[in-house]
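Numbering (this note's numbering), first residue to last: 255 to 457.
Every residue, glycine too, gets a C-beta built ideally from N, C-alpha and C.
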């Protein structure tokens, strides 16, 4: 599952790339995006900031409420479940991404392997969003089976949407949108690094 990606372009550059109206928002979005962080989303023709992950309510061993956990990935075989269904049917969005990472290597020594487009500074992954009491607007990234480039690192990958599929994802029927949830057929750049997986930057 994808738990780290980057957006290296400015808000203005992202808005131009997606032909979206940039909202006047004050969220401090970081280049590196982790679950629970705010980042950029294109919804209803606007570029806005939302929290990555739907809040999942949890309780402790004694029944006490715990801090909600951000559920940031949505498997395509689970979109009809109650937790995701209404957002998938009614609130689909585009998630701007420059590159996404997966952990590779032995436990305790995992490093970051990055995947990006060979000919574009940004691309769109499929997302869904909802309004929450806890965090305001929040989004989740759709995940499908890995293609041949990602499969050696992880069995799943984000649903990458070519530009010609953006409108169908945003405005098509649920069935039309679901048909787009397939492994990416194009080429990806693969960058295997020695960066420790658990190194985190402040938001």
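Tell me the rounded alpha-carbon separation between residue 293 and residue 287. One-based indexing of the chain shown puts residue 293 at position 39. One-based indexing of the chain shown puts residue 287 at position 33. Those two C-alpha atoms are separated by around 7 angstroms.
Considering just the uninterrupted stretch of the beta strand (DSSP E) at residue 444, what are its terminal residues? On the chain shown, position 190 is the one that residue 444 refers to. Taken as a continuous stretch (DSSP letters only), the beta strand (DSSP E) holding residue 444 covers 443-450.
Would you kindly work out how many angstroms separate the C-alpha atoms of residue 353 and residue 312, rounded to a whole number? The residue you call residue 353 lines up with position 99 of the chain shown. The residue you call residue 312 lines up with position 58 of the chain shown. Here the alpha carbon of residue 353 sits roughly 31 angstroms from the alpha carbon of residue 312.
Three-pair Cβ contact test at 8 angstroms for the region 411-427 versus the region 367-380: Yes, they touch.
Cross-strand partners of residue 428 (DSSP beta bridge): Numbered from 1 along the chain shown, position 174 holds the residue referred to as residue 428. Answer is none; residue 428 lacks a bridge partner.
Which of helix, strand or coil does DSSP assign to residue 456? By 1-based counting over the chain shown, the position of residue 456 is 202. Note that residue 456 scores 47 on pLDDT, short of 50, meaning its location in the model is unreliable and no value can be drawn from it.
In the DSSP assignment, what are the bridge partners of residue 370? On the chain shown, position 116 is the one that residue 370 refers to. 353, 443, per the DSSP bridge assignment.
Hey, out of 264, 451, 272, whose CA is closest to residue 363's CA? Taking the first residue of the chain shown as 1, we reach residue 363 at position 109. Residue 363 has its Cα closest to that of 451, out of 264, 451, 272.
Quick one: residues in its chain with C-beta nearer than 7 angstroms to the C-beta of residue 444, no 5 flanking neighbours on either side, listed in chain order? Counting from 1 along the chain shown, the entry for residue 444 is found at position 190. Sequence-distant partners of residue 444 (beyond 5 residues in either direction) whose C-beta falls short of 7 angstroms from its own C-beta, in its chain, are 367, 369, 403.
Measure from the alpha carbon of residue 326 to the alpha carbon of each residue in 439, 394, 259, 340, then state which is nearest. Walking along the chain shown from the start, residue 326 turns up at place 72. Nearest option by C-alpha distance: 394.
If I follow the unbroken alpha helix (DSSP H) through residue 385, where does it start and stop? Along the chain shown, read from residue 1 onward, the residue named residue 385 stands at position 131. Element bounds for residue 385: not the alpha helix (DSSP H) but the beta strand (DSSP E), 377-386.
Kindly provide the ranges of any beta strand (DSSP E) runs that are 3 or more residues long and lie completely inside the region 295-367, ordered along the chain. Listed in chain order, they are 300-306, 308-313, 319-325, 327-329, 346-351, 353-358.
Does the beta-carbon of residue 453 have 16 or more other beta-carbons within 10 angstroms, so that it is buried, or is it exposed? Walking along the chain shown from the start, residue 453 turns up at place 199. The C-beta of residue 453 has fewer than 16 other C-beta atoms within 10 Å across all chains shown, which makes the residue exposed.
Tell me residue 293's beta-bridge partners as DSSP assigns them. For the purposes of this step, residue 293 is taken as residue 39 along the chain shown, with counting starting at 1. Per DSSP, 304.
Grab me the residues of residue 281's own chain with a C-beta within less than 8 angstroms of its C-beta, minus the 5 sequence neighbours each way, in chain order. Mapped onto the chain shown, residue 281 falls at position 27. Within the same chain, residue 281 has close Cβ partners 292, 303.
Going by the CB atoms, is the gap between residue 274 and residue 239 shorter than 8 angstroms? Nothing can be reported for residue 239: it is not among the residues displayed for the chain, which extend from 255 to 457.
Cβ-Cβ distance between residue 449 and residue 386 below 8 angstroms: Numbered from its first residue, the chain shown carries residue 449 at position 195. Numbered from its first residue, the chain shown carries residue 386 at position 132. No. Outside cutoff.
Using the Cβ count rule (16 or more neighbours within 10 Å means buried), how would you classify residue 436? Residue numbering aside, residue 436 sits at position 182 when the chain shown is read from its first letter. That one is exposed.
By Cβ distance below 6 angstroms, which residues in the same chain neighbour residue 225 in space, the five residues on each side in sequence not counted? This structure does not reach residue 225, given that the chain is present from 255 up to 457, and the question cannot be answered.
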